[in-house]
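Trainee: Position in the sequence shown counted from 1, then plus 407, gives you my numbering.
Before anything else, here's the structure in question.
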Amino acid sequence: MTGWVVIAGLGPGNEDLVTPEVRTAIDAATDIVGYIPYVRRIAPRSGLTLHESDNRVEIDRARHALQMAAEGKRVVVVSSGDPGVFAMAAAVFEALEDAPHWHDLDIRVLPGITAMLAAAAALGAPLGHDFCAINLSDNLKPWELIEKRLRLAAQAGFAMAFYNPRSKSRPHQFGRALEILREEAGPEVLISFARNVSRPDQTLNTVTLAEATADMADMRTLVIVGNADTRRVGGYLYTPRSVA
Ligand code: SAH
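Put into structure tokens, the structure is as follows:
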């Protein structure tokens, strides 16, 4: 039997947002690999082995998936959202760089609906003009670089989406990020906190940067900061496609 690795995104939570392509891959798999809460979203069945691992072992998990595929297994590595956005797809290719003997394996990345796009859709159209996405976690990069990118993105007038905005291990950094945004973008710019998007307990909260406080975000929140033109229309938020 020929093995393969599929790196798949499960979307933001709602099962209707898992693509048919991803479902088909999961149905054909012998093994599922991923961070515990994502693997728990896969229904157990005979012939399918579920391998749950902790959050900080991405490269080990990627090697394990590649090893199993080399042995003939059909492996799906699951991420939430899209696997290419701050998730497992890049980790698999990092593991592959050090392993030329695996370069001929059948490896495919299947896209998913990333939290940023699900949050934007729930809010209206805050990303209707140019935008960028920034991971606020300093696990894999220095905090100084995050500050620099925030400043330059705000100066350039990008709307912004923040992943991993705030965790218990770094409680003060998000407050600092808000300070920088107030300095560079001004206090009137709108900021939205979209928590548990697409799940039954979804909440959306939009305030100005002046009103925003660090405790409005946690690790289940996707934050969207508008540009200077982002505004409310009825119960929605949108950014016009053109700049005056
Ligand atoms: N690959 C994922 C992102 C992983 S980083 C994706 O494409 O969505 C994890 C971060 O994603 C969380 O800290 C949070 O900021 C965001 N996130 C993931 N699912 C979310 C959801 N349902 N609602 C709000 N934010 C979410």
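By construction, the Cβ of each residue, glycine as well, lies at the ideal position given by its N, Cα and C atoms.
A quick note: this is a predicted structure, and the numbers were derived from the prediction, not measured.
Since M567 is in the beta strand (DSSP E), which residue starts that stretch and which ends it?
Mentor: Per DSSP, M567 belongs to the beta strand (DSSP E) from A566 to Y570.
Trainee: Would you say P518 touches ligand 1, meaning its beta carbon is less than 7 Å from a heavy atom?
Mentor: The answer is no for P518.
Trainee: Give the list of continuous alpha helix (DSSP H) stretches no shorter than 4 residues that lie fully inside the segment 457 to 513.
Mentor: Whole alpha helix (DSSP H) segments, 4+ residues: 465 to 477 and 495 to 504.
Trainee: Taking 7 Å as the cut-off, is the C-beta of D545 nearer than that to any heavy atom in ligand 1?
Mentor: Outside the cutoff, so no.
Trainee: According to DSSP, simplified to helix, strand and coil, what is I553?
Mentor: Here I553 sits in helix by DSSP.
Trainee: Grouping DSSP H, G and I as helix and E and B as strand, with all else coil, what is A415?
Mentor: DSSP places A415 in strand when its eight states are reduced to three.
Trainee: Where does V640 fall in DSSP's three states?
Mentor: V640: strand per DSSP, three-state reduction.
Trainee: Where R468 and S460 are concerned, what is the direct C-alpha to C-alpha distance, given to the nearest angstrom?
Mentor: Between R468 and S460, the C-alpha separation is close to 7 Å.
Trainee: Tell me the rounded alpha-carbon separation between A435 and P490.
Mentor: Distance between the alpha carbons of A435 and P490 is about 19 Å.
Trainee: I'd like to know if G535 contacts chain B, where contact means its C-beta is closer than 8 Å to some C-beta of that chain.
Mentor: Absent from the structure: chain B. Only one protein chain is present.
Trainee: Between V464, E465, I443 and I439, which lies nearest to S453 when the distance is taken from Cα to Cα?
Mentor: Residue I439 is the option with its Cα nearest to S453.
Trainee: If distances are taken between C-alpha atoms only, which option among R606, A566 and F581 comes closest to W550?
Mentor: Answer by Cα proximity: F581.
Trainee: Do you know offhand how far A476's Cα is from R515's?
Mentor: When rounded, the distance between both Cα atoms is 12 Å.
Trainee: Taking Cβ positions, are A522 and Y445 nearer each other than 8 Å?
Mentor: Cβ atoms of A522 and Y445: not closer than 8 Å.
Trainee: Tell whether a beta-carbon distance below 8 Å holds between A601 and L611.
Mentor: Closer than 8 Å, so yes.
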